[in-house]
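In my numbering, the protein residues as written are 1 to 267.
The structure appears below as C-alpha cells.
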C-alpha cells in the first residue's frame, strides 16, 4: 500500500502550522492579505488546518510564468508548489474567480491527498484523492474501484450543478452560475485529483462573496465526506441533495502524459 505520513513536524502545534501557512500564503499571493475565517465555521477552519499542516513538507518555487500556482509531484525530495508572485488576475472582492486564498488552499489539498490516501505508488496516482486497494496499479480490482469512485464523484458534483439552479444568490449575482459550472466541469474531468482541492477552494470563494446558499451547502457536504474518508477509509460515498446547512455537518481520468514524460504538475 502507498500509505504515507503527513510531511509536517510531528510535534509542531497547529498555531505554528498556521503561522507558516500564512507566511507562505502571502508569499504565493504576492503579499495580499487574507480574509479572516470565522472561528465558528468548522469547514473553513478544517480547510485552513489541513493546508497549514502540509506547508512544511513542500518546496515553494517562484517563477515568472503567468500561472497563479500549481502543485507538482517529485519522485525524490519534497513536492513543489510553483507560483508567480506577480500574478495579477485574481478577482475583485465578491466577483467570481480563483482568489489568492483559494489558490493556496487548493494546492495544499493536493499535497494532503498525496500524503494521506492509500493506493499503490504509481505516477498516475500522485495526489489521488481516494483510497484504492492492493499494491498493483494494474490490478482489475483497483481499476474497478477507481471507476466506481470516479463515477460517484461525478454524480456528487452533478448535485452541485443542480443546487446552482435553485440557489438565488448564485443565479442573481452576475457571473457566478457560469463560474460554478466551470468548476464542476473541472472536477468531473479529473475526479481522482480535484474532488477535494476544488471543494476546499470553492468553500473559500463562496464564503468571501457571502454566498451561503444551496451550492455552498452541497460543496461543504462533499468536503466533509472526504474529511471523514481520509481517516476512516473506504470508497467515496454518494451524496444526495443537501437541504440545509445543518445536514452538511456529518461526519476516469488518467494522466497519460505522465507515463512518457514523468509526473505532471497539478493545477
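The C-beta atom is built at its ideal place from N, Cα and C for all residues, glycine as well.
By alpha-carbon positions, which one of the options ends up nearest to residue i?
{"i": "residue 118", "options": "111, 112, 130", "result": "130"}
{"i": "residue 47", "options": "196, 232, 208", "result": "196"}
{"i": "residue 205", "options": "100, 80, 22, 62", "result": "100"}
{"i": "residue 123", "options": "76, 181, 92, 161", "result": "76"}
{"i": "residue 235", "options": "92, 69, 128", "result": "128"}
{"i": "residue 194", "options": "226, 178, 174", "result": "226"}
{"i": "residue 92", "options": "174, 232, 233, 228", "result": "174"}
Quick one: what's got a C-beta closer than 8 Å to residue i's C-beta in the same chain, skipping five residues either side?
{"i": "residue 142", "result": "119, 120, 132, 133, 134, 136"}
{"i": "residue 186", "result": "194, 198"}
Once the 5 residues before and after residue i are set aside, which same chain residues still bring their CB inside 6 Å of it?
{"i": "residue 230", "result": "116"}
{"i": "residue 80", "result": "59, 61, 72"}
{"i": "residue 161", "result": "184"}
{"i": "residue 176", "result": "96, 170"}
{"i": "residue 94", "result": "209"}
{"i": "residue 28", "result": "69, 83, 104"}
{"i": "residue 144", "result": "none"}
{"i": "residue 4", "result": "Summary for residue 4: the model assigns pLDDT 47, below 50, so the residue's position carries little reliability; its value from the coordinates is reported in the next sentence. Taken in chain order, the residues that qualify are 115."}
Kindly list the residues whose CB is nearer than 7 Å to the CB of residue i, restricted to its own chain and excluding five residues on each side of it in sequence; keep chain order.
{"i": "residue 151", "result": "none"}
{"i": "residue 24", "result": "55, 60"}
Would residue i pass as a contact of residue j if the rule is Cβ separation under 9 Å?
{"i": "residue 50", "j": "residue 201", "result": "no"}
{"i": "residue 96", "j": "residue 166", "result": "no"}
{"i": "residue 67", "j": "residue 82", "result": "yes"}
{"i": "residue 84", "j": "residue 112", "result": "no"}
{"i": "residue 108", "j": "residue 52", "result": "yes"}
{"i": "residue 188", "j": "residue 219", "result": "no"}
Tell me the rounded alpha-carbon separation between residue i and residue j.
{"i": "residue 164", "j": "residue 203", "result": "14 Å"}
{"i": "residue 26", "j": "residue 78", "result": "21 Å"}
{"i": "residue 90", "j": "residue 237", "result": "33 Å"}
{"i": "residue 212", "j": "residue 58", "result": "32 Å"}
{"i": "residue 74", "j": "residue 168", "result": "43 Å"}
{"i": "residue 148", "j": "residue 105", "result": "27 Å"}
{"i": "residue 299", "j": "residue 182", "result": "Outside the displayed span of the chain (1 to 267) sits residue 299, for which this structure offers no information."}
{"i": "residue 86", "j": "residue 209", "result": "23 Å"}
{"i": "residue 178", "j": "residue 233", "result": "34 Å"}
{"i": "residue 36", "j": "residue 98", "result": "Annotation note: pLDDT 48 at residue 36 (below 50); position unreliable, coordinate value reported separately. About 17 Å."}
{"i": "residue 140", "j": "residue 42", "result": "38 Å"}
Tell me, to the nearest whole angstrom, how far the beta carbon of residue i is from that of residue j; I am working on the premise that it is less than 8 Å.
{"i": "residue 110", "j": "residue 157", "result": "That belief does not hold up - the Cβ atoms of residue 110 and residue 157 are roughly 17 Å apart, past 8 Å."}
{"i": "residue 192", "j": "residue 146", "result": "7 Å"}
{"i": "residue 172", "j": "residue 44", "result": "Not really, about 24 Å apart at Cβ, beyond 8 Å."}
{"i": "residue 138", "j": "residue 126", "result": "With a Cβ gap of about 16 Å, residue 138 and residue 126 do not count as contacting."}
{"i": "residue 170", "j": "residue 184", "result": "That pair is no contact at about 12 Å."}
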